[in-house]
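Following: one structure in structure tokens, then a few remarks.
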Amino acid sequence: MRRKIPLIATAVAAVLALASCATESGAAPESSSSATGPLQAVTVGVIPIVDVAPIYLGVQEGIFERQGLDVTLQLADGGAAIVPAVAKGEYQFGFSNVTSLLLASSKGETLKAVAPGNFSTGKDGGDFSAVVAAGASDIKTAADLGGRTVAVNSLNNIGDTTVRNVVDESGGDPSAVEFVEMPFPEMLPALAAGEIDAAWVVEPFLTTAVQQGAKIISSNFAQTDHDLLVAAYFTSDQTIQQSPETVAAFTEAIKEALTYAQDHPDETRAVLDTYTEIDPVVKSVMVMPRFAADIEPTYLQVLADLGLKYGLFDKPVDVNKLLVQEAPAP
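Numbers -27 to -1, 1 to 303, taken from mature numbering (1 follows the signal peptide of the UniProt record, and there is no 0), label the letters of the sequence shown in order.
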């Protein structure tokens, strides 16, 4: 069993201690907000996908309010817009896949993951992410993807990186796969028209694809790592230094929301109606991600290693820079 590391709480507590000591030199610490006082307004950048259901559920259930937070969920098209907004302080927090955070860190952005976003279910053929092909296609395994055209929603990111990995592990040639960038909603029509040979899709597009006759070739997340951390909630070093109590409150709230979402799957599916327009038939049967509250370096290292292997990074990325570290003993 992996040892769980209390990175966030310990480090934020250390920042709070330093802030309280600063009062002796005339600097006032951030005032604490609580459910009995004024709520602290925070903005969180999110993407309108299945993965962020826990934060919507947490807001709905009053979890964030009990931590003294008034949360505004700001919808964005993708992590490419959220990462710079958090880095500049336009949002206090954001949601992004891990590879995008690693890319940002490799380019010098000082971001910190404070909680997991979602994990693979770890089930081959039963995950929320997969590579699919037309039912009549001669593609049978990931090894057959060499020399074929595979659609992904973003090049040089978590999709093509994990697809390359499963092709490699299946005995195929990952360098021979031709990846094309395409929005998820356009992939299934392109697959049906024969414009692409396969597509990497996530829910709800995965269930729709299977219902339309496509077949699963590989569960690329689950086959990469059964405990693959796919995404995370993050903030900036600047926000941690300026608003440590807010960061601590948000961290506790989102961890509680993640646990609640995993323990209440029906409510988690139901909250999707508040920010998505998923067909009820699809929503009732699609595979949901796994949600958990713990984050640790080994979870990030998997995608950091793959990013280096397949050329996303020029040099190894220190995953510890993406986590709030424990303060040294006094």
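Every residue gets a Cβ at the ideal spot worked out from N, C-alpha and C, and that includes glycine.
- Between the alpha carbons of residue 21 and residue 177 lies a gap of roughly 12 Å.
- By the CB criterion at 7 Å, residue 115 and residue 209 fall outside the cutoff.
- Residue range 102 to 106 is occupied by the beta strand (DSSP E) that includes residue 104.
- The residues 244, in chain order, have a CB closer than 7 Å to that of residue 33 in the same chain once the five nearest residues on each side in sequence are set aside.
- Collapsing the DSSP output to three states places residue 192 in coil.
- A distance below 7 Å between beta-carbons, with the five flanking residues on each side excluded, links residue 141 to the following residues of its chain, in chain order: 147.
- Burial is judged here by how many other beta carbons sit within 10 angstroms of a residue's own beta carbon; residue 214 has fewer than 16 and is exposed.
- For residue 19, same chain residues with a beta-carbon under 6 Å away, outside a window of 5 residues either side, are 25, 46, 68 in chain order.
- Under the DSSP assignment, residue 233 falls in the alpha helix (DSSP H) whose first and last residues are 217 to 236.
- Between the alpha carbons of residue 145 and residue 113 lies a distance of about 12 Å.
- Here residue 226 is near residue 37, since their CB atoms are less than 7 Å apart.
- Distance between residue 121 and residue 220, taken at the CA atoms: about 45 Å.
- The C-beta separation of residue 123 from residue 87 comes to about 33 Å, leaving the pair out of contact by the 8 Å criterion.
- Cα atoms of residue 97 and residue 12: separation of roughly 43 Å, rounded to the nearest angstrom.
- Residue pairing for residue 85: DSSP places it in a beta bridge opposite 208.
- Contact between the stretch 50 to 64 and the stretch 244 to 261 is not established, with fewer than three Cβ pairs separated by less than 8 Å.
- Here the C-alpha atom of residue 293 lies approximately 15 Å from the C-alpha atom of residue 80.
- For residue 165, the enclosing alpha helix (DSSP H) has its first and last residue at 157 to 165.
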